[in-house]
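See structure below.
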Amino acid sequence: MQGRLRKKPLSIEVNTECAHCGRSMDLEIDQDLNYRVEPEKCRPIVFVPDVNPFKLAEPSIIDSF
11 MQGRLRKKPL SIEVNTECAH CGRSMDLEID QDLNYRVEPE KCRPIVFVPD VNPFKLAEPS
71 IIDSF
């Protein structure tokens, strides 16, 4: 969203590990959810949770995830 408001391409780099096997992996995700992952043999699932911020039952949006 921020990239679209600024009319600039944005991306984020995430250094994480596989929840299944524990191997480290690096993800780069852009504003359109296109992603690149290292090592290439990793196949993560990238998604945006469907959360309506105006109808939260939880005290904050973080608790919804």
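Sequential numbering of the sequence shown, starting at 11, is according to my numbering. Glycine is no exception: its CB is placed at the ideal position from the N, C-alpha and C atoms. Please read these numbers as outputs of a predicted model, since none were measured by experiment.
For S74, the uninterrupted alpha helix (DSSP H) run begins and ends at 71-74, by DSSP. Considered as a whole, the segment 33-58 harbours 34-40, 45-48 as its complete beta strand (DSSP E) runs of no fewer than 3 residues, in chain order. If you draw a straight line from the Cα of S21 to the Cα of D40, it comes to about 4 Å. Pairing P19 with A67, the inter-Cα distance amounts to about 33 Å.
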